[in-house]
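Novice: Counting in the numbering used here, the sequence shown runs from 35 upward without gaps.
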Amino acid sequence: MKTRVVVLGAGFGGLELTTMLSEALGDTLDIALIDKADAFVFGYSKLDVMFGRQLPAAVQHPYSRIVKPGVRFLKSTVRSFDPAAKRVVTDHGTLEADVLIVALGADLDLAATPGLIEGGNEFYSVPGAFALRDVLPRFERGPAIVGVTGKSFKCPPAPSETALLLHDYLVARGRRAATDITVVMPFGTPIPPSPDTSQAILAAFAERGITFVKDNLVAALVPERKVAVLSDGRELPYALFLGVPVHRVPQVVIESGLATHPFDWVPVNKQTLETKFPGVYAVGDVNGVGTPKAGVFAEGSARVVAEAIIARLRGGAAPEAYKGQGSCYVEFGHDLVGRVDVDFLSGPKPTGTFQPPSPALVAEKVVFGSSRVGRWFGG
Ligand SMILES: Cc1cc2nc3c(=O)[nH]c(=O)nc-3n(C[C@H](O)[C@H](O)[C@H](O)COP(=O)(O)OP(=O)(O)OC[C@H]3O[C@@H](n4cnc5c(N)ncnc54)[C@H](O)[C@@H]3O)c2cc1C
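1. Apart from the five residues just before and just after Gly313, which ones in its own chain have a Cβ nearer than 6 Å to its Cβ?
2. Going by alpha carbons, who is nearest to Ala58 out of Val287, Phe378, Ile344 and Asp64?
3. Closest by CA to Asp143, which one among His368, Lys120 and Gln285?
4. Run through DSSP, which three-state label would Ala178 get?
5. Does the segment 311-331 come within contact of the segment 148-163, defined as at least 3 CB pairs closer than 8 Å?
6. Keeping to the same chain, check which residues put their C-beta closer than 7 Å to that of His460; ignore five residues upstream and five downstream.
7. Relative to ligand 1, is the shortest distance from any of its heavy atoms to the C-beta of Asp69 smaller than 6 Å?
8. I need the boundaries of the beta strand (DSSP E) containing His126, first residue and last residue.
9. Should Thr183 be listed as close to ligand 1, given that the test is whether its C-beta is under 6 Å from any heavy atom?
10. Have a look at Val423 and Gly408 and give me their C-alpha separation to the nearest angstrom.
11. Would you check whether ligand 1 has a heavy atom nearer than 6 Å to the C-beta of Thr111?
12. Is the beta carbon of Gly358 closer than 7 Å to that of Thr309?
13. Can you find the residues in the same chain that come closer than 6 Å, C-beta to C-beta, to Phe107, ignoring five residues on each side of it along the sequence?
14. Quick check: Asp69 and Ala44, are their CB atoms within less than 7 Å of each other?
15. Per DSSP, what kind of secondary structure is Arg242 in: helix, strand or coil?
16. Would you call the CB atoms of Glu333 and Glu195 closer than 7 Å?
17. Quick one: does the C-beta of Lys357 sit closer than 6 Å to a heavy atom of ligand 1?
18. Could you have a look at Pro193 and say whether DSSP puts it in helix, strand or coil?
19. Let me know the secondary structure DSSP gives His95 once reduced to three states.
20. Cα separation between Leu170 and Leu89?
21. Leaving out five residues on either side along the sequence, give the residues of the same chain with a beta carbon under 8 Å from the beta carbon of Val300.
22. Could you check the C-alpha separation between Val39 and Tyr78 for me, to the nearest Å?
23. Residues in the same chain with beta-carbon distance under 8 Å from Thr183, minus the five sequence neighbours each way, listed in chain order, please.
24. How long is the line joining the alpha carbons of Leu198 and Phe239, rounded to whole angstroms?
25. Considering Ile344, what are the terminal residues of the alpha helix (DSSP H) in which it resides?
26. Using three-state DSSP, classify Val136 as helix, strand or coil.
27. Please state whether DSSP places Val160 in a helix, a strand or coil.
28. From the DSSP output, in three-state form, read off Lys70 for me.
29. Run through the DSSP bridge pairs and tell me what Glu57 is partnered with.
30. Sort Val371, Asp375 and Ala340 by Cα distance to Thr306 and report the nearest one.
31. Expressed to the nearest angstrom, what Euclidean distance is found between the alpha-carbon atoms of Glu354 and Ile235?
32. Nearest to Phe85 by CA position, among Phe173, Thr128, Leu51 and Glu50, is which residue?
33. If we count the other Cβ atoms within 10 Å of its Cβ and call it buried at 16 or more, is Pro191 buried or exposed?
34. Kindly indicate which three-state DSSP category Val75 falls into: helix, strand or coil?
35. Figure out for me which residue from Leu255, Phe331 and Phe275 has the closest Cα to the Cα of Gly267.
36. May I ask which residues mark the beginning and end of the alpha helix (DSSP H) holding Pro393?
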């Protein structure tokens, strides 16, 4: 009997884990990779599409291209799963697993912020970011706010990157002098674990006249008056609102018993990513391991779990504990990219090392994406 591995979610975490298992064990496994979407989109590609740097079709990587030994992709929605029985119910039937990986990411809850759906835009979902491609050309004058609405959100640099790219976009269209840009974030600095990165971003904001409002969330929009209400009670007028919606644990995960409420990111063993159910792992944004919600961390956690499964099936030594390390590329505008290498779990507190923006890092980011597309979707 082949070992049955069922992977819920084909994002950064699910794709990396599936690829590693297939490369190491191939047809000796029966891996079912399940996702409700047709295609994978890198988070950063959302910014490329909204600012007109890429066409939507160019950044969508169809799952139908996945042809790997031992792997079958199932396009379906996971309706429920039982981690004790390792049984998964999808729109296309029920699957039984020997090893179950939960890699369903974080859900976005637009309705949690009053006024956001009626009076604002969001750039975190694929449809939201793609729709902005047609909204931004109509923004001619007035205040733009890039606003975070919840404390825990994917890719902490993304709001700052968005403000810097919006600046360039408006300059290119000759509209910058008629507009203001404000970033509202729940942190004291843009990237708290890396003071050097934060300082560089704040310097770039100052140079470009972008206002940084720290330690605040956007609690609500009042579309009739075109104001954003901040968590400290202040009101900021806006003509364009680009929001980061509230992130929450997917409901199907709560109903499985792996989490107790929408902000109870799945508790796991920090070293192995295993949940309280043996043989059931939570990788990526859905888990509560304490690293930021970012693709590189989803990938890193998936690698540790894949190594553990490979070691178990081949009889080798268990892998090293998860270290919570990752490198994030940061768009600085002016066609330059910086990089921050962060380490969340090795030491007593998170640390980050900054590499200033350069053309070399632009090229490195391209390779980061293309190498993954090659491994995950190639033959
Ligand atoms: C604007 C933006 C920029 C970003 N930039 C970067 C960056 O530069 N670097 C970086 O490392 N990270 C970046 N990120 C973050 C990154 O995209 C996420 O952290 C990463 O994708 C998380 O991986 P994951 O595997 O945990 O979840 P995801 O990649 O979100 O995958 C979860 C998958 O589960 C599927 N799913 C969910 N529910 C169900 C269900 N019930 N049934 C079936 N399928 C389901 C979804 O369709 C999805 O494909 C960015 C994010 C955004 C929004």
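Beta carbons are placed, not taken as given, at the ideal position from N, Cα and C, and that holds for glycine.
Specialist: The answer reads as follows:
1. Val133
2. Ile344
3. Gln285
4. strand
5. no
6. Residue 460 is absent from the model: the chain starts at 35 and stops at 413.
7. yes
8. It is not in any beta strand (DSSP E) - His126 carries neither H nor E in the DSSP assignment.
9. no
10. No statement about residue 423 is possible, as the shown extent of the chain runs from 35 to 413 and does not include it.
11. yes
12. no
13. Leu67, Tyr97 and Ile100
14. yes
15. helix
16. no
17. no
18. helix
19. strand
20. 15 Å
21. Val136, Val283, Val287, Leu292, Ala293, Thr309, Ala316, Val320, Asn321 and Gly322
22. 29 Å
23. Ala146, Thr147, Leu150, Leu251, Val252, Ala253, Gly277, Val278, Pro279 and Val280
24. 7 Å
25. Gly329 to Arg348
26. strand
27. helix
28. coil
29. Its beta-bridge partners do not exist; DSSP assigns none.
30. Ala340
31. 34 Å
32. Phe173
33. buried
34. coil
35. Leu255
36. Pro393 to Phe411
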